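*Asks:* Pasting a structure below so you can have a look.
There are 2 protein chains.
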Amino acid sequence: MDALDAIKRRYSFRGIYKNIPVPRDDLKKIIEAGIAAPSGCNKQTTAFVGLDDQTLVNSIMELAKKNGYAGVNALAAICILTQKTPSYADKYFYAQDYSAAIENILIAVTALGYASCWVEGQITEDPQVQEQIAQMLNVPGEYTVVAFLPIGIPEKEGKGPERKPFEERAWFNKC
Amino acid sequence: MDALDAIKRRYSFRGIYKNIPVPRDDLKKIIEAGIAAPSGCNKQTTAFVGLDDQTLVNSIMELAKKNGYAGVNALAAICILTQKTPSYADKYFYAQDYSAAIENILIAVTALGYASCWVEGQITEDPQVQEQIAQMLNVPGEYTVVAFLPIGIPEKEGKGPERKPFEERAWFNKC
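Here the protein sequences come in this chain order: A and B. Following this note's numbering, the numbering of the first sequence begins with 1 at its first residue and continues without gaps. Following this note's numbering, the numbering of the second sequence begins with 1001 at its first residue and continues without gaps.
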């Protein structure tokens, strides 16, 4: 899919996914898109756990739903891990790093015919949930679980929320 | 350009850009890619100033260079603005919002045959530089300048830094 099309077609899907598995090869391509994202001083603070074990996916979905995530099911997912280390001196860019990686992943997901949703607040606002997921996935101590991205083929295509018009969010040369 | 190709070909360019202007139409397409990025609770905290006024571009380049940015020139640029407002309760996602928007912009830049660089630390570590840029661009008080993305056609194509191997940054189901 064309890059600009994929960027425009990406949206947060919270409906029902078809019961069609996501091949491991596709999950790998999607994670490789995340790895290709830039990071502050190339510190590569973001790491990825691809999930195609349905029991694990369901368990994490349940935790996110308990915290308010409105999604229904998922056939696969990616958990995003971050190392909260400085890029230089006392400057931290890990949030920028993992956000760029997530956006790459969401575009790759769209380009490959899947949909996803950036589930972050429902994970990070509850340290117990973060810890439970970390234990389930055997996450090394230097990483923190920051987001969960369910993946699958939507039963029914959706679309994203309205955006403010261009003129309210962009200017040329002077605001 | 194919979405996965654009994601892989994106890199931080800090060399010399050709003396070829970036058409306003392309700048608009690039900003629209930024607008298409998701934001926490759709709060759309990110805004964009497209720059094709060479004097403005040069002035901001000089400020960034004074703070250590290693780039040389630029034919156009986009300044990224953020509203540091909560998405819900006391939860802030503006850094995630503008990072996803920047990544979309960098992919669109690549897909359209240009190169760019995510210049953030050299802007935000010096509040005086942020303020000078805000004054130059007449940025409304509710926004903070957080990044500068020079844009142009490279004299000579470059490539990004090496990444750690997949196995060091990704796992399937269990780390």
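Backbone N, C-alpha and C define an ideal beta-carbon position, used for all residues, glycine too. Predicted, not measured: the structure shown is a model, and the values here were computed from it.
If we define contact as Cβ-Cβ less than 8 Å, is V49 (chain A) a contact residue for chain B?
*Replies:* It does: the Cβ of V49 (chain A) has a partner Cβ on chain B nearer than 8 Å.
*Asks:* Between the alpha carbons of L1063 (chain B) and D97 (chain A), how many angstroms are there, rounded?
*Replies:* Straight-line Cα distance between these residues: approximately 24 Å.
*Asks:* DSSP three-state call for C41 (chain A): helix, strand or coil?
*Replies:* In the structure shown, C41 (chain A) sits in a helix (DSSP, three-state: H, G or I).
*Asks:* Unbroken alpha helix (DSSP H) runs of length 4 or more, entirely within the stretch 1001-1064 of chain B: which are they?
*Replies:* Segments of the alpha helix (DSSP H) lying fully in the stretch 1001-1064 of chain B: 1003-1009 and 1024-1035.
*Asks:* Leaving out five residues on either side along the sequence, give the residues of the same chain with a beta carbon under 6 Å from the beta carbon of I31 (chain A).
*Replies:* The residues are F48 and G50.
*Asks:* Would F148 (chain A) count as contacting chain B if we go by Cβ distances under 8 Å?
*Replies:* Not closer than 8 Å to any Cβ of chain B, the Cβ of F148 (chain A) fails to qualify, so no.
*Asks:* How would you list, in chain order, the residues of chain B whose beta-carbon sits under 8 Å from the beta-carbon of V139 (chain A)?
*Replies:* What V139 (chain A) touches in chain B: C1175.
*Asks:* DSSP state of G176 (chain A), grouped into three classes?
*Replies:* Given a span of 1 to 175 for chain A in the structure shown, any question on residue 176 (chain A) remains unanswerable.
*Asks:* Between K1066 (chain B) and chain A, is there a C-beta pair that is closer than 8 Å?
*Replies:* Not closer than 8 Å to any Cβ of chain A, the Cβ of K1066 (chain B) fails to qualify, so no.
*Asks:* Tell me which residues of the stretch 1080-1099 of chain B have at least one Cβ-Cβ distance to chain A shorter than 9 Å, keeping chain order.
*Replies:* Here the close residues are L1081, S1087, Y1088, A1089, K1091, F1093, A1095, Q1096, D1097, Y1098 and S1099.
*Asks:* Thinking Q83 (chain A) and Y143 (chain A) are a contact (beta carbons under 8 Å), I'd like their distance in whole angstroms, please.
*Replies:* Contact holds; Cβ gap of about 6 Å.
*Asks:* Please go through the same chain and pick out, in chain order, the residues whose beta-carbon is closer than 8 Å to the beta-carbon of Q1128 (chain B), but skip the five residues on each side of it.
*Replies:* Here the set comprises nothing.
*Asks:* Checking contacts by CB at 8 Å: is S1012 (chain B) closer than that to chain A?
*Replies:* Yes, because at least one Cβ of chain A sits closer than 8 Å to the Cβ of S1012 (chain B).
*Asks:* Please list, in chain order, the chain A residues whose beta carbon lies closer than 8 Å to that of N1104 (chain B).
*Replies:* Neighbours of N1104 (chain B) on chain A, chain order: I7, E103 and I107.
*Asks:* Taking CB distances under 8 Å as the criterion, tell me whether K1043 (chain B) reaches chain A.
*Replies:* Chain A contact via Cβ: absent.
*Asks:* How is P1086 (chain B) classed by DSSP in three states: helix, strand or coil?
*Replies:* If DSSP states are grouped into helix, strand and coil, P1086 (chain B) belongs with coil.
*Asks:* Closer than 9 Å, Cβ to Cβ, to anything on chain B: give me those residues from the stretch 154-169 of chain A, in chain order.
*Replies:* Taking 9 Å as the Cβ-Cβ cut-off against chain B, the residues of the stretch 154-169 of chain A that qualify are G160, P161, E162, R163, K164, F166, E168 and R169.
*Asks:* Which residues of chain A have a Cβ atom closer than 8 Å to the Cβ of P1023 (chain B), listed in chain order?
*Replies:* Simply none; closest approach about 12 Å.
*Asks:* Considering only the beta carbon of each residue, do L27 (chain A) and D53 (chain A) sit closer than 8 Å?
*Replies:* For L27 (chain A) and D53 (chain A), no; Cβs fall outside 8 Å.
*Asks:* Out of B:A1076, B:D1005, B:M1136 and B:R1169, which one is the CA nearest neighbour of K1018 (chain B)?
*Replies:* Considering only alpha carbons, the answer is B:A1076.
*Asks:* Nearest chain B C-beta to P38 (chain A) closer than 8 Å, yes or no?
*Replies:* Yes, because at least one Cβ of chain B sits closer than 8 Å to the Cβ of P38 (chain A).
*Asks:* Going by Cα to Cα distance, which pick from B:A1089, B:A1074, B:F1166 and B:K1159 is closest to F1148 (chain B)?
*Replies:* Residue B:A1074 is the option with its Cα nearest to F1148 (chain B).
*Asks:* Around the Cβ of E1103 (chain B), are there at least 16 other Cβ atoms within 10 angstroms (buried) or fewer (exposed)?
*Replies:* Buried, by the Cβ-count rule.
*Asks:* Distance cutoff 8 Å, beta carbons only. Does M1001 (chain B) sit that close to anything in chain A?
*Replies:* Chain A contact via Cβ: present.
*Asks:* F166 (chain A) lies in the alpha helix (DSSP H); which residues open and close that run?
*Replies:* Counting along the chain, the alpha helix (DSSP H) containing F166 (chain A) begins and ends at F166 to R169.
*Asks:* By the 10 Å Cβ neighbour count, where 16 or more other Cβ atoms means buried, how is I80 (chain A) classified, buried or exposed?
*Replies:* Buried is the call here.
*Asks:* Is the beta carbon of V145 (chain A) less than 8 Å from the beta carbon of I133 (chain A)?
*Replies:* In this structure, I133 (chain A) lies closer than 8 Å to V145 (chain A) by Cβ.
*Asks:* In chain C, what lies closer than 9 Å to L1056 (chain B) by C-beta?
*Replies:* In the structure shown, chain C does not exist; the protein chains are A and B.
*Asks:* In chain order, what residues of the same chain have a beta carbon less than 7 Å from the beta carbon of A100 (chain A), not counting five sequence neighbours either side?
*Replies:* If we look at A100 (chain A) and ignore the five residues flanking it on each side, its Cβ neighbours are A37 and P38.
*Asks:* T144 (chain A) bridges to which residues according to DSSP?
*Replies:* In the DSSP output, where bridge partners are listed per residue, T144 (chain A) has A:T82.
*Asks:* Work out the CA separation of V57 (chain A) and S116 (chain A) for me, nearest whole Å.
*Replies:* If you take the alpha carbons of S116 (chain A) and V57 (chain A), they lie about 13 Å apart.
*Asks:* If we call anything under 8 Å between Cβ atoms a contact, is K8 (chain A) one with L1004 (chain B)?
*Replies:* No; because the gap between Cβ atoms is not below 8 Å, this pair is not in contact.
*Asks:* Tell me the DSSP bridge mates of V1109 (chain B)?
*Replies:* None; V1109 (chain B) has no bridge partner.
*Asks:* Along the alpha helix (DSSP H) that carries A1134 (chain B), what are the first and last residues, could you check?
*Replies:* P1127 to L1137 is the extent of the alpha helix (DSSP H) around A1134 (chain B).
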